[in-house]
Amino acid sequence: MGNSIFVGRVSQWKLNLLTFVTLLVVSVTNQYAQDGQLSQLGVMIFAYLLTMIIGLIIALATEPTRHE
24 MGNSIFVGRV SQWKLNLLTF VTLLVVSVTN QYAQDGQLSQ LGVMIFAYLL
74 TMIIGLIIAL ATEPTRHE
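Anchor point for the sequence shown: position 21 equals 44 in the working numbering, and the numbering is continuous, going up by one each time.
So this is what it looks like as structure tokens:
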């Protein structure tokens, strides 16, 4: 029973981290776009892919081990 509360807390922490990372990625890619090195569509695709990859890494890194 207490495990579900812990999992909820961990997923909330992951969500907060992912939100922060997303904002960071978008700001960095917008900087590149202003420098004219990437097209606007390229920025969106790059930000989306990078965010998904980082999210996957976070999910795998914080995945609780299934040792019984």
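A virtual CB, placed ideally from N, CA and C, is assigned to each residue, including glycine.
Proximity to residue i [Cα-Cα], best of the options
{"i": "Met75", "options": "Trp36, Val48, Gln35", "result": "Val48"}
{"i": "Leu73", "options": "Gln35, Asp58, Val51", "result": "Val51"}
Beta-carbon proximity of residue i to residue j, cut-off 8 Å
{"i": "Lys37", "j": "Ala82", "result": "yes"}
Anticipated Cβ contact below 8 Å, residue i with residue j, distance rounded
{"i": "Leu41", "j": "Gly78", "result": "5 Å"}
{"i": "Asn53", "j": "Val66", "result": "7 Å"}
7 Å CB neighbourhood of residue i in its chain, flanking five on each side removed
{"i": "Gln63", "result": "Ala56"}
Residues near residue i in its chain [Cβ-Cβ closer than 8 Å; skip 5 each side]
{"i": "Gln35", "result": "none"}
**Asked** Which residue spans inside the segment 41 to 66 form an unbroken alpha helix (DSSP H) run of at least 4?
**Response** none
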